[in-house]
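In order, the protein sequence lines correspond to chains A and B. For what it's worth, the working numbering labels the leading residue of the first sequence as 1, then goes sequentially. For what it's worth, the working numbering labels the leading residue of the second sequence as 159, then goes sequentially. One structure below.
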Amino acid sequence: MRHTISVLVENEFGVLSRVSGLFSGRGFNIESLCVAETMDAQVSRMTIVTSGNDQIIEQILKQLNKLIPVLKVIDFTGVDTVDRELVLVKVNADGDGKQEVLRLVDIFRARIVDVAPRCYTIEMTGGEGKVLAFLQMLRPMGIREIVRTGKIAVSRGM
Amino acid sequence: MQMTGAEIFVKALADLGVDVVFGYPGGATINIYDALFKNVKVRHMLCRHEQGAVHMADGYARASGRTGVCLVTSGPGATNTVTGLATAYMDSIPIVVFTGQVPTLLIGNDAFQEADIVGISRPCTKHNYLVKETKDLARIIKESFYIASTGRPGPVLVDMPKDVLIASARYELPKEASLRGYRPTYEGHQRQVESAVRLLLSRERPVVYAGGGIILSNASGELAELSGALSLPVTTTLMGMGAFPGSDPLSLGMLGMHGTYAANMAISHSDVILAVGARFDDRVTGKVSEFAPHAKIIHVDIDPTSIQKNVRVDIPIVGDVKDVLRKMIKLVKGKKEATAFRGKTAAWRGQIASWAKTHPLTYKPSKGKIKPQYVVEQIHKLTKGKAIIATEVGQNQMWAAQFYNYEQPRTFLSSGGLGTMGYGLPAAIGAQVAMPGRLVVDIAGDGSIQMNIQELATAVQYRVPVKVVILNNGSLGMVRQWQELFFDGNYSQTCLPRIPDFVKLAEAYGAKGFRATKPEEVPEVLRKGFAADGPVLIDVITDPGEMVYPMVPAGAGLTEMLLV
């Protein structure tokens, strides 16, 4: 089962390698990983999407907690959250396809951020389902490149 | 007061009460060596290889309970410590390893004697540091000792670039280390402890499975008290040897791959297991799906990651085993439930006693050939069970665990988790330095001893009177045993045709050498060797065909033991 785990860490040298090394060294999966500073410049937040059975997830959470620069570990499974991903897509845009791309951009509330003679670069944000659907719709146009940030998440309410 | 980084380093160690550093100098640490030269409080022992230095710090820590310290230079000096770090990490031993590093500006440039030791050692240390500024050095040293020795102990590495050691800063050693991301749980949850005791008392066939955590937490007294209050049979892991007196009638000895018949049968037929400071290692459980099929499991450990890792546990308790055992004792001692429990479990103890009686640890004595088990028994007899025993890894280690009855904690020093050949001699030296008045014996094999034999020079130079007994079977015995049992006796690359002559080698190093070739010579040669001054190496020519039994083949259940 997939889990989104939010990890607050000391914003210090080497902390990313401690976390990523923990995953590779123990054979855990990383599907995506985002990291950036929080409101407090001394603390960073990592959002990790991983998968595994309950026992593996329990180990992942405990092993993360055991790292000394790790301050807090939250598993968002079962928690009401808002999650988003940003995607940049380069897609073919010539002939009839051009109109279809523009329509899709409109429907998905995406934006065209760069235009070249036969290619648009589109910026899109959304939850997992929306991103997947958008990319699926664009595929017949001919996608040249996809760049994704990986998922970030925050719990709803206070 | 302004001091150089090198001076801060030496002063901080002195202020933290470090009495000895095991190390090896080099270009990146030469400033520290100059500062050490001018300091009288911190003694430095020059090893012959950095791996030896780390194992000495490790042996020092295991024997004394104090944190061991090691100092090496950058590059190869640092990389040579990796096996020692991994050894200490697997066995949760508190040591701090300080490495020199190339100057900050050269880091990443493939400079001379540069290695990314912080990156390399990350998975085999509890934590590590790269010191970037001289002003941080004292604080980091304080934190490194704090992290190494608290919670589940372990090795910490501190990498110190040369410019950081040369530059000056004010010396300020914090009184307390405080890390917001590191707060070990010492107190076991009272209600969990109560449920654990209720579960335990509701069952009929209990076993305590005690590991190295008992020794690390200095909880042997509590273990004995709880076991006594409830007449609980106790089996220990390899790391737990000495945590419970071997001569106690409730002691079942070691469990697992080379455990006793009684211990493995008891675990397999038990209906409740109290696991304390142990981690269900594969050498203990055998085939996990067949491990203790009838038992409810209570698991007490200070490290939450050890719980629910290899086996499903019914009642987990995170905390210091000493605290949890004390709470359990309080709940049962003198209570009528305890008396009732002792009564209803008597039949179970009878069953265990009959297993112990039908299949005790044994071997077939021989008139012509020296049996290694006999040698270990003779060492036990001669030292009255009071020596500190270090071991190498392999058959020598298993026989040392099986045939020397450990009564006290911190008397059996062995690389249990990593299984590091070459551990025993340097660990014995470190232990002897920590415990000058004790007799320290390294029970070795002719293969393992050669992996760090150079440390004999260290022992001779500093007159560290360790006694090394080589069970010399002219082969890499444990691998040979597997080849004998599972590979049609194809002794592929396991024959060491008794090279070198260990007696001459000992003499070349300036140590004393003795040899026994016949069974009847063994007691006298051991007596002479142990009575001699200074480091001694005793070469005992043993039967190469002898095997370690009982044996649970890899991947089999614990009841499928091969017996003598």
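Glycine is no exception: its CB is placed at the ideal position from the N, C-alpha and C atoms.
Environment of residue i [buried if 16+ CB atoms lie within 10 Å]
i, result
"B:C653", "exposed"
"A:S24", "exposed"
"B:L171", "buried"
"B:P655", "exposed"
"A:E85", "buried"
"B:E380", "buried"
"B:S524", "exposed"
"A:R156", "exposed"
"B:E550", "buried"
"B:L721", "exposed"
"B:K196", "exposed"
"B:Q651", "exposed"
"B:S572", "buried"
"A:M141", "buried"
"B:N610", "buried"
"B:D659", "exposed"
CA-to-CA distance, residue j to residue i, given in whole angstroms
i, j, result
"B:W557", "B:G411", "12 Å"
"B:M399", "B:H213", "19 Å"
"B:N422", "B:T675", "35 Å"
"B:I687", "A:L71", "Per the sequence shown, the amino acid found at residue 687 of chain B is Gly instead of Ile. If you take the alpha carbons of B:G687 and A:L71, they lie about 55 Å apart."
"B:H285", "B:I510", "43 Å"
"B:G435", "B:K290", "37 Å"
"B:A186", "B:F167", "14 Å"
"B:A221", "A:A41", "44 Å"
"B:P681", "B:A496", "46 Å"
"A:G126", "A:V91", "18 Å"
"B:A236", "B:P332", "27 Å"
"B:D173", "B:Q553", "42 Å"
"A:V79", "B:G386", "48 Å"
"B:R115", "B:L204", "With chain B covering 159 to 722 only, the question about residue 115 of chain B has no answer from this structure."
"B:I473", "B:H457", "6 Å"
"B:I305", "A:K66", "12 Å"
"B:R224", "A:V89", "59 Å"
"B:M318", "B:N238", "16 Å"
"B:H517", "B:T283", "41 Å"
"B:Y726", "B:T257", "Because residue 726 of chain B is not part of the residues shown, which for chain B are 159 to 722, the question remains open."
"B:L388", "B:S426", "20 Å"
"B:Y287", "A:R18", "12 Å"
"B:G582", "B:I607", "8 Å"
"A:D94", "A:F134", "19 Å"
"B:D646", "B:G526", "26 Å"
"B:T443", "B:G715", "8 Å"
"A:I30", "B:V200", "46 Å"
"B:L374", "B:P311", "8 Å"
"B:V351", "B:G603", "44 Å"
"B:T292", "B:K320", "10 Å"
* Asked: Between the stretch 51-75 of chain A and chain B, which residues of the former have a C-beta closer than 8 Å to a C-beta of the latter?
  -> Here the close residues are Q55, E58, Q59, K62, Q63, N65, K66, L67, I68, P69, V70, L71.
* To do: Note down, in chain order, all residues in the stretch 265-276 of chain B with a beta-carbon under 9 Å from any beta-carbon belonging to chain A.
  => V276
* **Contiguous alpha helix (DSSP H) assignments of at least 4 residues, all confined to the stretch 516-604 of chain B** => 530-541, 553-561, 582-592
* Asked: Counting Cβ pairs closer than 8 Å, one from the stretch 334-344 of chain B and one from the stretch 297-304 of chain B, do we hit at least three?
  -> In short, these stretches touch, since the Cβ pair count reaches three.
* **Contained alpha helix (DSSP H) runs [length at least 4] in the stretch 371-427 of chain B, N- to C-terminal order** => Within the stretch 371-427 of chain B, the runs of alpha helix (DSSP H) that reach at least 4 residues and sit entirely inside it are, in chain order, 378-388, 419-427.
* Go through the stretch 10-81 of chain A residue by residue and report every complete run of the beta strand (DSSP E) that reaches 3 residues or more, in order. => 32-37, 43-51, 70-75
* Which whole runs of the alpha helix (DSSP H) in the stretch 266-297 of chain B are 4 residues long or more, in chain order? -> Runs of the alpha helix (DSSP H) spanning 4 or more residues and lying entirely within the stretch 266-297 of chain B occur at 275-279, in chain order.
* To do: Below 7 Å between beta carbons is the criterion; list the residues of the stretch 295-314 of chain B that meet it against any residue of chain A, in chain order.
  => If the cut-off is 7 Å between Cβ atoms, the stretch 295-314 of chain B has I305 near chain A.
* To do: Scan the stretch 641-669 of chain B and note each continuous alpha helix (DSSP H) run of 4 residues or more that stays entirely inside, going in chain order.
  => The qualifying runs are 660-667.
* **Short-range partners of chain B found in the stretch 138-158 of chain A, where Cβ spacing is below 8 Å** => none
* Counting Cβ pairs, one atom from each stretch, are 3 or more of them under 8 Å apart for the stretch 315-328 of chain B and the stretch 161-181 of chain B? -> They touch, by the three-pair rule.
* Asked: Listed in chain order, which residues of the stretch 333-355 of chain B have Cβ atoms closer than 8 Å to some Cβ of chain A?
  -> L337, R338, G339, Y340
* the stretch 525-539 of chain B / the stretch 624-640 of chain B touching (three or more Cβ pairs under 8 Å) -> yes
* With 9 Å as the C-beta to C-beta threshold (strictly closer), list the residues of the stretch 233-260 of chain B near chain A in chain order. => none
* Evaluate contact between the stretch 263-279 of chain B and the stretch 200-219 of chain B, counting only Cβ atoms and requiring at least three cross-stretch pairs below 8 Å. => These segments do not touch.
* Asked: If we count Cβ pairs, one from each stretch, closer than 8 Å, do we get three or more for the stretch 2-22 of chain A versus the stretch 42-56 of chain A?
  -> yes
* To do: Give the residues from the stretch 20-39 of chain A that approach chain B closer than 7 Å (Cβ to any Cβ), ordered along the chain.
  => G21, G25
* Cβ contact (3+ pairs, closer than 8 Å) linking the stretch 575-592 of chain B and the stretch 663-670 of chain B -> no
* Asked: Curious, which full-length alpha helix (DSSP H) runs of at least 4 residues does the stretch 486-511 of chain B contain?
  -> 494-502
* Note down, in chain order, all residues in the stretch 92-114 of chain A with a beta-carbon under 7 Å from any beta-carbon belonging to chain B. => none
* Indicate whether the contact test is met: 3 or more Cβ pairs, each with one atom in the stretch 694-706 of chain B and one in the stretch 631-644 of chain B, closer than 8 Å. => Touching, yes.
* To do: Assess, as a yes-or-no matter, whether the stretch 482-489 of chain B is touched by the stretch 343-357 of chain B under the definition of 3 or more beta carbon pairs within less than 8 Å.
  => Taking 8 Å as the limit for Cβ pairs, the verdict is that the stretch 482-489 of chain B does touch the stretch 343-357 of chain B.
* In chain order, which continuous runs of the alpha helix (DSSP H) of length 4 or greater are located wholly inside the stretch 181-220 of chain B? -> Every alpha helix (DSSP H) of 4 residues or more that sits fully in the stretch 181-220 of chain B is shown, in chain order, as 188-195.
* Is the stretch 561-581 of chain B close to the stretch 244-252 of chain B, with three or more CB pairs under 8 Å? -> yes
* When Cβ atoms are compared, which residues of the stretch 480-505 of chain B fall closer than 7 Å to chain A? -> Nothing from the stretch 480-505 of chain B brings a Cβ to less than 7 Å from some Cβ of chain A.
* Using a Cβ cut-off of 7 Å, which residues of the stretch 422-437 of chain B contact any Cβ in chain A, in chain order? -> none
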